[in-house]
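When we follow our numbering, the leftmost residue of the sequence shown carries the number 3, and every step to the right adds one.
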Amino acid sequence: MMFSVRVDKHVEFIFVCKDLISRTSAFFRSISCHNSWRPGLTIPVDLPDVEAESFRVYTHWVNTGKLVIEPCRCERFHEFHEQKSFIEAFILGDILDDQHYRQHVIGVIVASLASRTEFLPGDLISRIWAATQSGSPLRNFALRWMLVKHPDSFTLRVENHALPKEFLAEALSFMFERSAPETDE
Ligand SMILES: [Zn+2]
3 MMFSVRVDKH VEFIFVCKDL ISRTSAFFRS ISCHNSWRPG LTIPVDLPDV
53 EAESFRVYTH WVNTGKLVIE PCRCERFHEF HEQKSFIEAF ILGDILDDQH
103 YRQHVIGVIV ASLASRTEFL PGDLISRIWA ATQSGSPLRN FALRWMLVKH
153 PDSFTLRVEN HALPKEFLAE ALSFMFERSA PETDE
């Protein structure tokens, strides 16, 4: 099955096995249900908020079961490039409604942050909070990782007003709930 997927303001043509991608992604399952495929037909798919790289990572995963991200080729090398790619991968897993992929990616994010003591950069925090809903496993993990594992960095960022508003609001209510005294049974 051939999809032409519009990602990140340009079109990528992607060959994927219909059965394979329908099995993994509820998003693609519903598209292939509503389009009867015949040879030569390309099904257009619109994903304008998705980066082309994330989509390539996803199709590679569908075809091989391996999560391979591209190395940093950004103008200025940045420390958190790998984490940024994984976070984008998770967000795409959300959009495509692929539970197995999301689970795998969150495991990779947990592992990749395990040894780090620096805080997530503000743009990554903003991206997570803009692209996920309250209760999202990525949000929950990021929140706990920052507040429970690295409380000093959190306090410093708060003092420097260096945190996105939407994150700060959720962080403060998380802290408040944790510090509330336990009620007796
Ligand atoms: Zn980079």
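In this text, a Cβ means the ideal position worked out from N, Cα and C, and glycines have one as well. As the structure is a computational prediction, the values presented were derived from the model and not from experiment.
Next on the checklist: For Leu49, tell me which candidate among Lys11, Ile127 and Ser38 has the shortest Cα-Cα distance.
Outcome noted: Measuring C-alpha to C-alpha distances from Leu49 to each of Lys11, Ile127 and Ser38 identifies Lys11 as the nearest.
Item to check | Proximity test, Cβ basis, 8 Å: Ile23 and chain D | outcome: Checking the listed chains, one finds no chain D in this structure; it contains a single protein chain.
Checklist entry - Does the Cβ of Phe5 have 16 or more other Cβ atoms within 10 Å, making it buried, or fewer, making it exposed? => result With 16 or more Cβ atoms within 10 Å of its Cβ, Phe5 is classed as buried.
Checklist entry - What residue does the beta strand (DSSP E) around Glu14 start on, and which one ends it? => result From DSSP, the beta strand (DSSP E) with Glu14 extends over His12 to Phe17.
Item to check | Start-to-end residues for the alpha helix (DSSP H) that takes in Ser181 | outcome: From DSSP, the alpha helix (DSSP H) with Ser181 extends over Lys167 to Ser181.
Next on the checklist: ligand 1 and Phe2: does the residue's C-beta get closer than 7 Å to at least one heavy atom of that ligand?
Outcome noted: This structure cannot settle anything about residue 2, because the visible part of the chain is limited to 3 through 187.
Checklist entry - For Ala173, which residues from the same chain have a beta carbon less than 8 Å from its beta carbon, with the 5 sequence-adjacent residues on both sides left out? => result Counting only residues of its own chain and dropping the five nearest sequence neighbours on each side, Ala173 has a CB closer than 8 Å to the CB of Leu145, Met148, Leu149, Phe156 and Leu165.
Item to check | DSSP beta-bridge partners of Pro46 | outcome: Ser6, per the DSSP bridge assignment.
Checklist entry - Does the Cβ-Cβ distance between Ile71 and Glu84 come in under 8 Å? => result For Ile71 and Glu84, yes; Cβs fall inside 8 Å.
Checklist entry - Regarding His163 and ligand 1, is the C-beta to nearest heavy atom distance less than 7 Å? => result In this structure, His163 has its beta carbon at no less than 7 Å from each heavy atom of ligand 1.
Next on the checklist: So, with DSSP's three-state summary, where would you put Asn214?
Outcome noted: This structure cannot speak to residue 214, because the chain is shown only from 3 to 187.
Checklist entry - Within 7 Å: the Cβ of Phe79 and any heavy atom of ligand 1? => result Taken from the Cβ of Phe79, at least one heavy atom of ligand 1 lies inside 7 Å.
Item to check | Phe79 versus Pro123 - alpha carbon distance | outcome: Take the alpha-carbon of Phe79 and the one of Pro123: they are about 14 Å apart.
Item to check | Assigned exposure category for Arg159 - 16 Cβ within 10 Å defines buried | outcome: By the neighbour-count rule (16 or more Cβ atoms within 10 Å), Arg159 is buried.
Item to check | alpha helix (DSSP H) segment containing Val110, residue limits | outcome: From DSSP, the alpha helix (DSSP H) with Val110 extends over Gln101 to Leu115.
Checklist entry - When the Cβ atoms of the segment 87-98 are set against those of the segment 107-116, are three or more pairs found closer than 8 Å? => result Contact between the segment 87-98 and the segment 107-116 is present, because at least three Cβ pairs lie under 8 Å.
Checklist entry - With 16 other CB atoms within 10 Å as the buried threshold, where does Leu140 fall? => result Burial of Leu140 is indicated by the presence of at least 16 other C-beta atoms within 10 angstroms of its C-beta.
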